[in-house]
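Engineer: Its first residue numbered 133, the sequence shown is counted upward by one per residue in my numbering.
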Amino acid sequence: MNRVYIKTYGCQMNERDSDAVAAMLRARGYRIVQDENACDIMLLNTCSVRDAAEQKAIGKAGYVSHRKKHQPDFVLGILGCIAQNRGAELLDKLPDVDLIVGTQKFHQVPGYLDNLRAAREAGVPIGETIIDIAEEAGSQNTIKDHFVSEDAAPQVNAFVSIQQGCNMDCHFCIVPKTRGDERSRPMDEIVAECETLARRGVKEITLLGQIVTSYGRRDYAHTAGVSPFVQLIEKVHAIDGIERIRFTSPHPRGFKEDLVEAYGRLPKLCEYVHLPMQSGSNRILKAMNRPYSRERYKEIVDALRAVRPDMYFSTDIIVGFPGETDEEFEQTRELFEACNYDMAYIFKYSIRSGTPAAELGDQILDEVKERRNQVLLDILRKNSERRNAILLGTVEEVLVEGPDKNGLRFTGRTRGNRVTVFDADPRLVGRLVPLKIDRASVSTLYGELQLAGVESD
Ligand code: 5AD
Numbered sequence: 133m134n135r136v137y138i139k140t141y142g143c144q145m146n147e148r149d150s151d152a153v154a155a156m157l158r159a160r161g162y163r164i165v166q167d168e169n170a171c172d173i174m175l176l177n178t179c180s181v182r183d184a185a186e187q188k189a190i191g192k193a194g195y196v197s198h199r200k201k202h203q204p205d206f207v208l209g210i211l212g213c214i215a216q217n218r219g220a221e222l223l224d225k226l227p228d229v230d231l232i233v234g235t236q237k238f239h240q241v242p243g244y245l246d247n248l249r250a251a252r253e254a255g256v257p258i259g260e261t262i263i264d265i266a267e268e269a270g271s272q273n274t275i276k277d278h279f280v281s282e283d284a285a286p287q288v289n290a291f292v293s294i295q296q297g298c299n300m301d302c303h304f305c306i307v308p309k310t311r312g313d314e315r316s317r318p319m320d321e322i323v324a325e326c327e328t329l330a331r332r333g334v335k336e337i338t339l340l341g342q343i344v345t346s347y348g349r350r351d352y353a354h355t356a357g358v359s360p361f362v363q364l365i366e367k368v369h370a371i372d373g374i375e376r377i378r379f380t381s382p383h384p385r386g387f388k389e390d391l392v393e394a395y396g397r398l399p400k401l402c403e404y405v406h407l408p409m410q411s412g413s414n415r416i417l418k419a420m421n422r423p424y425s426r427e428r429y430k431e432i433v434d435a436l437r438a439v440r441p442d443m444y445f446s447t448d449i450i451v452g453f454p455g456e457t458d459e460e461f462e463q464t465r466e467l468f469e470a471c472n473y474d475m476a477y478i479f480k481y482s483i484r485s486g487t488p489a490a491e492l493g494d495q496i497l498d499e500v501k502e503r504r505n506q507v508l509l510d511i512l513r514k515n516s517e518r519r520n521a522i523l524l525g526t527v528e529e530v531l532v533e534g535p536d537k538n539g540l541r542f543t544g545r546t547r548g549n550r551v552t553v554f555d556a557d558p559r560l561v562g563r564l565v566p567l568k569i570d571r572a573s574v575s576t577l578y579g580e581l582q583l584a585g586v587e588s589d
């Protein structure tokens, strides 16, 4: 009765939340299993950002709930954004769900499962679904405890949640509803968590939040023009053992001089920036309630490339926002091409009820969205091929993360966040090593480690 399978949909924040739930459950004596067919409890940690993501998780829950026919004690829980967004209404479609837990209540999951399990074991008839989607003051501080089990592979990189929620009110976005108001964790707690991770051998930290560039803006003052977010990066940078720092996601509005300049003086800050553009049309940006212009966006990209000419960029784009004309999409295409992204997440606009954009007329036909999507994907593929051609024959610094997915070779990422695959000794896991690139596919680089001169343990 204690085998738990957790399936995660959506963003890195959700991955992080699932890791935290898994850690809390392990600490309570539950077993986290990888085989969904061999579990007593299934938790779906869900995403609401687009309709397709919601349908996927709801479809899965519907399918899995049939299991109760032959496994009457089976427990099914829906966690995270869909739970928060829909609450009890989920029971219309999914009457057999046992647990609905929102984004501020992940830390309550073990207690609720204990209760459900005790009831099952006592033979008490299955009662009402437990629903908890209330707000909770201080919930941003609950997603923190990493738990590394004895037999777990050494952890090389870690996501550290620095903030929850978002107050930007982008007109297409459901996140303010699913994640609530912007709340930052105290800086010294984040730094203490990173120090603990460093002591456990973690080398790379990714600072996570919905709008990390706003970190601490209500809680800490700027010091000599340096924002609280950059102050936090400086503190993590000073931790011995941490070799690389990344963050996601920033907002262009928060990319001020202090952050740009940090890339010039903080060598652990990896030269990879995910900078959501959303649209290259000033009229659409305004309609999206994104407070910057295409000109300002390009200025940030250029400023970052001036500080780090080898900077890698990725972005988020929405095609087919209500009312987007061919000319407006053409402006997005043009800016997309000019920024020369290495990676991009391109989304077809999806109506999210309760958001201001859902009320706009002039929704764009699906086939038009699809065509615009393909135009950007083609540019991205060409950029990637061009970048790969430049990388062939060069030596990149790689952080060795562990066995690749086939378990035959090893994998790690470059500072520019490219996945690499190579032969290595298990003792190199957690080490920064030079890799000579000799082959590249769209998403992966292959090569040989250059170990002469790298001191061994
Ligand atoms: N439709 C399509 N894409 C969306 N995103 C957020 N809301 C929507 C929506 N309604 C995209 C944005 C955001 C990313 C996480 O998801 O590009 O940056």
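For each residue, glycine too, the CB sits at the ideal point set by N, CA and C.
Predicted, not measured: the structure shown is a model, and the values here were computed from it.
#1: In terms of DSSP beta bridges, what is R163 paired with?
#2: Along the chain, where does the alpha helix (DSSP H) containing L245 start, and where does it finish?
#3: Cutting at 7 Å between CB atoms, please list the residues of its own chain near C298, excluding the five before and the five after it.
#4: For I522, does the count of other Cβ atoms within 10 angstroms reach 16, so buried, or fall short, so exposed?
#5: Any contact of the segment 240-249 with the segment 321-329, i.e. 3+ C-beta pairs under 8 Å?
#6: Taking buried to mean at least 16 other C-beta atoms within 10 Å of its own C-beta, is P454 buried or exposed?
#7: Taking 7 Å as the cut-off, is the beta-carbon of Y481 closer than that to any non-hydrogen atom of the ligand 5AD?
#8: Figure out for me which residue from E517, G579, L540 has the closest Cα to the Cα of T546.
#9: If you measure between the beta carbons of L417 and Q410, is that distance less than 8 Å?
#10: Do three or more CB pairs link the segment 536-552 to the segment 506-518 at distances below 8 Å?
#11: Cα-Cα, which of Q240, D205, K201, S197 is closest to L226?
#12: Under the assumption that I265 contacts G234 (Cβ atoms under 8 Å), give the Cβ distance between them as a whole number of angstroms.
#13: Measure the C-alpha to C-alpha separation of S271 and Q240 and round it to an integer number of angstroms.
#14: Closest to L157 by CA distance: which of D390, N134, A220 is it?
#15: How would you label K335, buried or exposed, when you count the other beta carbons within 10 angstroms and need 16 or more for buried?
#16: Can you give, in chain order, each stretch of the beta strand (DSSP E) that sits fully within the segment 167-214 and has at least 3 residues?
#17: Where does the unbroken beta strand (DSSP E) through R376 begin, and where does it stop?
#18: Going along the chain, which residues of its own chain have a beta-carbon closer than 8 Å to the beta-carbon of D183, five neighbours each way excluded?
#19: Thinking K501 and G452 are a contact (beta carbons under 8 Å), I'd like their distance in whole angstroms, please.
#20: Using 8 Å for Cβ pairs, my map puts A154 next to I164. What's the rounded Cβ distance?
#21: Going by beta-carbon coordinates alone, are T552 and L577 separated by less than 8 Å?
#22: What do you reckon, is the C-beta of R182 under 7 Å from a heavy atom of the ligand 5AD?
#23: What are the partner residues of Q506, as DSSP defines its beta bridges?
#24: Report yes if the C-beta of I416 is less than 7 Å from at least one heavy atom of the ligand 5AD; otherwise report no.
#25: Hey, which unbroken runs of the alpha helix (DSSP H) at 4 residues or more fall wholly within the segment 431-475?
#26: Which residue wins for smallest C-alpha separation from D510, given the options F304, A490, R465, R571?
#27: At the level of alpha carbons, what is the spacing between R363 and S575?
#28: Quick one: residues in its chain with C-beta nearer than 7 Å to the C-beta of D390, no 5 flanking neighbours on either side, listed in chain order?
#29: Can you tell me whether L531 is buried or exposed, with buried defined as 16 or more other CB within 10 angstroms of its CB?
#30: At the level of alpha carbons, what is the spacing between T338 and G255?
#31: Judging by CA-CA distance, which residue of R440, V405, E491 is the nearest neighbour of M475?
#32: Between which two residues does the beta strand (DSSP E) carrying Y404 extend?
#33: Let me confirm a value: R550 is counted as buried when at least 16 other C-beta atoms fall within 10 Å, else exposed. Which label applies?
#34: If you run the structure through DSSP and keep just helix, strand and coil, what is R559?
#35: Might you give, ordered along the chain, the residues of its own chain that have their beta carbon closer than 6 Å to the beta carbon of D172, omitting 5 neighbours on each side?
#36: Does DSSP put A152 in a helix, in a strand, or in coil?
Structural biologist: By the coordinates alone:
#1: R135, per the DSSP bridge assignment.
#2: Per DSSP, L245 belongs to the alpha helix (DSSP H) from 241-253.
#3: Exclusion of the five residues before and after C298 leaves V307, P308, R311, E314, Q342, I343 as the residues of its chain whose Cβ lies within less than 7 Å of its Cβ.
#4: With fewer than 16 other Cβ atoms within 10 Å, it is exposed.
#5: The segment 240-249 is not in contact with the segment 321-329.
#6: Residue environment: P454 is assigned as buried (16 or more neighbouring CB atoms within 10 Å of its CB, all protein chains considered).
#7: Proximity of the beta carbon of Y481 to the ligand 5AD is indicated: a heavy atom of the ligand is located closer than 7 Å.
#8: Measuring from the Cα of T546, the nearest candidate turns out to be G579.
#9: Cβ atoms of L417 and Q410: closer than 8 Å.
#10: No: the two stretches stay apart, fewer than three of their Cβ pairs being nearer than 8 Å.
#11: With distances taken between Cα atoms, L226 lies closest to S197.
#12: Contact flag correct, Cβ pair sits at about 3 Å.
#13: Rounded to the nearest whole angstrom, the CA to CA distance from S271 to Q240 is 11 Å.
#14: For L157, the nearest C-alpha among the options comes from N134.
#15: K335 sits buried, since 16 or more C-beta atoms from the chains shown fall within 10 Å of its C-beta.
#16: Taking 3 residues as the minimum length, the beta strand (DSSP E) runs contained wholly in the segment 167-214 are 173-178, 207-212, in order along the chain.
#17: Following the DSSP letters along the chain, one finds R376 inside the beta strand (DSSP E) bounded by residues 376-380.
#18: Excluding the 5 residues flanking it on each side, D183 has same chain C-beta neighbours closer than 8 Å at S482, I483, R484, in chain order.
#19: Yes, they are in contact, since the Cβ atoms of K501 and G452 sit about 3 Å apart, within 8 Å.
#20: Their Cβ separation, rounded to whole angstroms, is 5 Å, which keeps A154 and I164 in contact under 8 Å.
#21: Taking 8 Å as the cut-off, the beta carbon of T552 is found closer than this to the beta carbon of L577.
#22: Result yes, Cβ under 7 Å from the ligand 5AD.
#23: Beta-bridge pairing links Q506 to no other residue.
#24: It does not: the Cβ of I416 is nowhere closer than 7 Å to a heavy atom of the ligand 5AD.
#25: With a minimum length of 4 residues, the continuous alpha helix (DSSP H) runs that stay inside the segment 431-475 are 458-471.
#26: Residue R465 is the option with its Cα nearest to D510.
#27: This sequence places Gln at residue 363; Arg is not what is there. Q363 and S575 have their C-alpha atoms roughly 33 Å apart.
#28: When the five nearest sequence neighbours on each side are left out, the beta carbons in the same chain lying within less than 7 Å of the beta carbon of D390 are those of G357, V358, S359, V362, in order along the chain.
#29: Burial check for L531: the Cβ neighbour count within 10 Å reaches 16 or more, so the residue is buried.
#30: The alpha-carbon atoms of T338 and G255 are separated by roughly 45 Å.
#31: M475 has its Cα closest to that of V405, out of R440, V405, E491.
#32: Taken as a continuous stretch (DSSP letters only), the beta strand (DSSP E) holding Y404 covers 404-406.
#33: Flag for R550 reads buried.
#34: Of the three classes helix, strand and coil, the one that applies to R559 here is helix, per DSSP.
#35: Result list for D172: M133, R135, in chain order.
#36: It is helical.
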